[in-house]
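Engineer: If you want my numbering, it's the 1-based position in the sequence shown plus 1. Here it is, the structure, as structure tokens.
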Amino acid sequence: MGAPRKAATRDLSSEVAFLTRALKAPTLRESVARLAERARAESWTHEEFLVACLQREVSARDSLRRWVQTDERVAATLWRPPAGVDLS
């Protein structure tokens, strides 16, 4: 066997951007660089970094879900169909 091959240079930022768009994970896309910096500084394991990334995305989705549910409830109490219009 020959010498080990050197890995091709990868543009990880582009890969993260592509993959987070494919997963529809905008919060992860926005926070991954900051989390990676922190992970390096604090010597996180790969699993700890992954958990932090996933927690950030789940938290953002939960917040958005609560906001949408609240907004729908508010809209339902404010909006009334015009007189004489039956929506059933």
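Don't be surprised by glycine CBs; every beta carbon is placed ideally from N, CA and C.
Start and end of the alpha helix (DSSP H) containing Val17?
Structural biologist: On the sequence shown, residue 17 is found 16 positions in, with the first residue counted as 1. Segment 13 to 23, the alpha helix (DSSP H) holding Val17.
Engineer: Within the continuous alpha helix (DSSP H) that includes Thr115, where are the two ends?
Structural biologist: Past the boundaries of the shown model lies residue 115; the chain is included only from 2 to 89, so the question cannot be answered.
Engineer: Taking 8 Å as the limit between beta carbons, can you name the residues of its chain near Leu36, skipping five residues before and five after?
Structural biologist: As a first step, residue 36 is located in the sequence shown; it is residue number 35 there, counting from the start. These residues qualify, in order along the chain: Phe50, Ala53, Cys54, Arg57.
Engineer: Work out the CA separation of Thr71 and Phe19 for me, nearest whole Å.
Structural biologist: Taking the first residue of the sequence shown as position 1, residue 19 is located at position 18. Taking the first residue of the sequence shown as position 1, residue 71 is located at position 70. One C-alpha to the other measures close to 32 Å.
Engineer: Distance, Cα to Cα, Val138 vs Trp45?
Structural biologist: Since the displayed the chain opens at 2 and closes at 89, residue 138 lies outside it and no answer follows.
Engineer: Counting along the chain, where does the alpha helix (DSSP H) carrying Glu31 start and finish?
Structural biologist: Numbered from 1 along the sequence shown, position 30 holds the residue referred to as residue 31. Unbroken alpha helix (DSSP H) run through Glu31: 27 to 42.
Engineer: Hey, out of Ser14, Gly85, Leu13, Ala26, whose CA is closest to Asp63's CA?
Structural biologist: What you label residue 63 is simply residue 62 of the sequence shown in a count that begins at 1. Of Ser14, Gly85, Leu13, Ala26, the residue nearest in Cα terms is Ala26.
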